[in-house]
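Residue numbering for the sequence shown follows the working numbering, beginning at 1 and increasing consecutively.
C-beta: ideal position from N, C-alpha, C; glycine also.
Computed from a prediction, not measured in an experiment: that's the story for all the values here.
Written below as structure tokens is the structure these notes are about.
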Amino acid sequence: MKPEFSQDTPVQFLKSVGPARARALTRLGIDTVGDLLGHYPRRYFDRSSTVPIRSLRAGQDVTVRGEILTASERRTRTGGSLLTVTLGDDTGVLFCVWFNQKFLLKQFKSGRKMMVSGTVQVHGGRAQVAHPDYEVFEPVTSNEDADPGLHTGRMVPVYGLTSGVGQHWLRGLVHQALEKMSDLHVDPLPAELLAKHRMPDRRRALEAIHFPTDKEELAAARDRLVYEELFTIQILMALRRESRRGMDGVQLGRPGDLTTRLVEGLPFQLTDAQRRVLREILADMRSGQAMHRLLQGDVGSGKTLVALIAALFVIEQGHQALIMAPTEVLARQHGQSLSRLCEPLGIGVETLTGSTPAAIRRSILAGVAAGEIDLLVGTHAVIQEDVRIPRLALAVVDEQHRFGVRQRGKSGSVTEAGGPAHVLVMSATPIPRSLSLTLYGDLELSIIDELPAGRQPITTSIVREKEEAAVWEACRREIVAGRQVYVIYPVIEETEGQDLKAATVEFERLRAEVFSGHSVALLHGRLKAGEKDKVMGSFSRGEVQVLVATTVVEVGVDVPNATAMVIHNPERFGLAQLHQLRGRIGRGRHASHCWLLCDRYLAEESFQRIRFFCEHTDGFALAEEDLRLRGPGDAWGFRQHGAPGFRLANPLRDAKLAHLCRDDARQLLESDPLLKGSAGNIVRLGLNSAFGKFMPLQAG
Ligand code: ADP
Ligand code: MG
């Protein structure tokens, strides 16, 4: 009998794969034919059209064909290596450069033909591409026009490689695998869905993603494969959601007196968005089923207040609530501001953190157990087994993503009655909706998409070190006007070999020179909790004018009177982090300013990131850019946590598809919750083969 080729056939069964090549392929994560076909091209050379060098313009994404004129390597001032290849065609010369990739040099023999793809930069009138995708033609195929096969005259796939695996060889191997697969390929998407969205079947899609005849075919194939990834993840999430459905939660009645009194006593009106999400939350808690809801809202959008109102709602009906924060500073700040709001209502609030003295901890725990304390605020670390909250009905988890996706399962506390408490997860790092559908697809979603009225805009500018004096001058003017200032550093202490400005050292200089005569304080992660509290307390009371800090102030700190922030070495921070930092200002009635102080030449990519930050204040836009720059895997640690990752899907670009998938997955499960029907069965088989090792589906 002829061996059958399936997804699971080891790649060694393909021609030209010996043990050494098989080992090399393993380094790319390729062991089976299925892995090989799932090693999608990183990009394509559109060899149906190349561009003459003379016509190149900055910013264009192009493919150029030419001959290698020179190839050389030299050391840079900073001790790195710079590899430069000049490529000529009939119209001009293109410079191709690589940093610290010396080992590439030997492939670039002058006289050889080469094709490069990349984004054009123009420096001093000369066209350049940095780290382009490239292909050097072997002398055998240098007469490439005579090779009509896979490598020229068409859209050509460009794969990620490793040593021992060449572009041409891998291309041939993928082609061979596609031929051998014939029609034995199982399609994990039911025919009804394919028909509904007019998508190609899996085999056609795989052929087209590797060897597309044109852009349209490629786009259709890509959509189909992306759909498959997102759909299967949606099914998994929906199954998780389903498995929780029907778990009884504490059923609550109508909102009562306390919530009304709190809202009426506020010096401002709730925003429409706050009202809307509160309605969603209340509806959940009155449904009789346990709530699992993600509340997203940009920095300063008023999530804490929403949490408090939700808590009061359970408290006024005789239950208890818990609010968890990711850091001590934040837990204490929440504790203080919530106590202030709750006191006039006669509600007992206590705060518990890792540094709460043992005796106080014991008395708080006793108070909670006796039901005298209605609202417990704390860090995640201390709310552990020995904490008994007999009438717990609501657990709010602030800044959940900081705890990591993995811990998510644990934060659902169980009430004394045995049922799960309602869980409200709050996130201020705006996760693009498309991504949250996948990351948090098992949670219901509420979004506060509106900031309280009357907020003043924050302007942001990049300043060089030599302009520092002007920045300090502007800060002093704010102080004189009665406002407060944050100065942020990337590190606490200076370390050898790293010339980053450090908070502790700069603090001395700022206090003695720049802000002499004003009160300056230092806040960083290594201070004892008590000291942190003292510092934060005096800053929020306005006794300290300048707070010199590291990213401890990143999350949640709320001092509306602070109107200026200076961030040193902004290139050291990601966009999401910068956004969190800047969110500490612009919270009050006065206009705010943020200065990004750069003391070095920034790499192009860093500079672009920082400029993007200057131009955007919308957290969702920033998060999307962050995701675009770093990709979903890296930014959110999704893969690390053992959940299925995205190979092709980019939840940003594919937001529309993500929606479709979610609806389709829901529909399928509504009509066939156990995946037993003909369509369901196909999906179940597909899920098991794709994700069985991650999340085995229980039978039946
Ligand atoms: P988040 O946690 O979403 O970053 P906060 O809950 O800390 O935001 O709220 C930021 C500030 O806005 C707080 O000082 C809060 O009292 C205030 N605030 C909340 N809701 C409103 C509103 N509707 N109108 C005006 N200010 C509000
Ligand atoms: Mg907050």
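beta-carbon residue i near the ligand ADP non-hydrogen atom, thresh 7 Å
{"i": "SER301", "result": "yes"}
{"i": "ALA428", "result": "yes"}
{"i": "LEU675", "result": "no"}
{"i": "PHE539", "result": "no"}
{"i": "ARG587", "result": "yes"}
{"i": "PRO452", "result": "yes"}
{"i": "THR232", "result": "no"}
{"i": "GLY619", "result": "no"}
{"i": "GLY297", "result": "yes"}
{"i": "PRO560", "result": "yes"}
{"i": "THR78", "result": "no"}
{"i": "THR259", "result": "no"}
{"i": "LEU305", "result": "yes"}
{"i": "THR327", "result": "no"}
{"i": "LEU445", "result": "no"}
{"i": "GLN484", "result": "no"}
{"i": "LEU270", "result": "yes"}
{"i": "GLN274", "result": "yes"}
Own chain residues within Cβ distance below 8 Å of residue i, not counting five before or after
{"i": "GLY288", "result": "ASP248, GLY249 and GLN251"}
{"i": "LYS693", "result": "Bear in mind that the predicted position of LYS693 carries a pLDDT of just 43, short of 50, making it unreliable; the figure below should be weighed with that in mind. Closer than 8 Å at Cβ, skipping near neighbours: no residue."}
{"i": "THR353", "result": "GLU328, ALA331, ARG332, GLY378, THR379, ALA381, VAL382 and ALA529"}
{"i": "THR213", "result": "ARG154 and MET155"}
{"i": "GLU465", "result": "LEU597, CYS598 and ASP599"}
{"i": "MET199", "result": "LEU189, LEU193, ALA205, ALA220, ASP223, ARG224 and TYR227"}
Beta-carbon proximity of residue i to residue j, cut-off 8 Å
{"i": "PHE99", "j": "MET114", "result": "no"}
{"i": "LEU36", "j": "LEU173", "result": "yes"}
{"i": "CYS594", "j": "ILE462", "result": "no"}
{"i": "LEU375", "j": "LEU424", "result": "no"}
{"i": "LEU56", "j": "GLN176", "result": "no"}
{"i": "TYR134", "j": "PRO41", "result": "no"}
{"i": "LEU87", "j": "GLY300", "result": "no"}
{"i": "VAL520", "j": "ARG509", "result": "no"}
{"i": "PHE573", "j": "PRO457", "result": "no"}
{"i": "LEU394", "j": "ALA310", "result": "yes"}
{"i": "LEU648", "j": "ARG222", "result": "yes"}
{"i": "VAL683", "j": "PRO190", "result": "yes"}
{"i": "LEU178", "j": "LEU170", "result": "no"}
Beta-carbon proximity list for residue i, same chain, < 7 Å, skipping 5 on both sides
{"i": "GLU478", "result": "VAL485, THR563 and ALA564"}
{"i": "GLU238", "result": "It should be pointed out that residue 238 corresponds to Ala in this sequence rather than to Glu. Around ALA238: ALA665, ARG666 and LEU669."}
{"i": "GLN7", "result": "THR32, VAL33 and GLY34"}
{"i": "GLY409", "result": "The predicted position of GLY409 is uncertain, since its pLDDT is 38 and thus under 50; a value taken from the coordinates is nonetheless stated next. Excluding positions up to five away in sequence, the list is empty."}
Straight-line gap, residue i to residue j (C-alpha atoms, nearest Å)
{"i": "LYS532", "j": "LEU330", "result": "10 Å"}
{"i": "GLU625", "j": "GLY335", "result": "34 Å"}
{"i": "LYS102", "j": "ALA24", "result": "21 Å"}
{"i": "VAL368", "j": "VAL349", "result": "10 Å"}
{"i": "HIS579", "j": "THR356", "result": "31 Å"}
{"i": "THR259", "j": "PRO420", "result": "23 Å"}
{"i": "LEU312", "j": "ASP284", "result": "15 Å"}
{"i": "SER117", "j": "VAL85", "result": "14 Å"}
{"i": "ARG254", "j": "GLY680", "result": "40 Å"}
{"i": "PRO267", "j": "LEU305", "result": "13 Å"}
{"i": "LEU193", "j": "LEU236", "result": "17 Å"}
{"i": "LEU322", "j": "ILE281", "result": "15 Å"}
{"i": "GLN12", "j": "ALA502", "result": "54 Å"}
{"i": "SER49", "j": "VAL226", "result": "27 Å"}
{"i": "ARG74", "j": "LEU83", "result": "7 Å"}
{"i": "ARG639", "j": "LEU627", "result": "Any answer about ARG639 is weak, because its pLDDT of 37 lies below 50 and its placement is not dependable; what the coordinates show is given next. Going from the Cα of ARG639 to the Cα of LEU627 covers about 14 Å."}
{"i": "GLU467", "j": "ALA359", "result": "52 Å"}
{"i": "LEU278", "j": "GLN608", "result": "38 Å"}
{"i": "GLU228", "j": "ARG112", "result": "41 Å"}
{"i": "VAL64", "j": "LEU150", "result": "18 Å"}
{"i": "THR271", "j": "VAL546", "result": "31 Å"}
{"i": "GLY164", "j": "ALA20", "result": "8 Å"}
Same chain, Cβ closer than 6 Å to residue i, neighbours up to 5 away in sequence not counted
{"i": "ASP187", "result": "ASP201 and ARG202"}
{"i": "ARG402", "result": "Note that ARG402 scores 44 on pLDDT, short of 50, meaning its location in the model is unreliable; the coordinates nonetheless yield the value given after this. Result list for ARG402: PRO326, in chain order."}
{"i": "VAL122", "result": "ALA58"}
{"i": "PHE108", "result": "ILE68, ALA71 and VAL85"}
{"i": "HIS131", "result": "TRP98"}
{"i": "THR551", "result": "none"}
{"i": "ASP634", "result": "Confidence at ASP634 is low in this model, with a pLDDT of 40, below 50, so the placement of that residue is unreliable and no value is reported for it."}
{"i": "MET426", "result": "LEU295, LYS303 and ASP398"}
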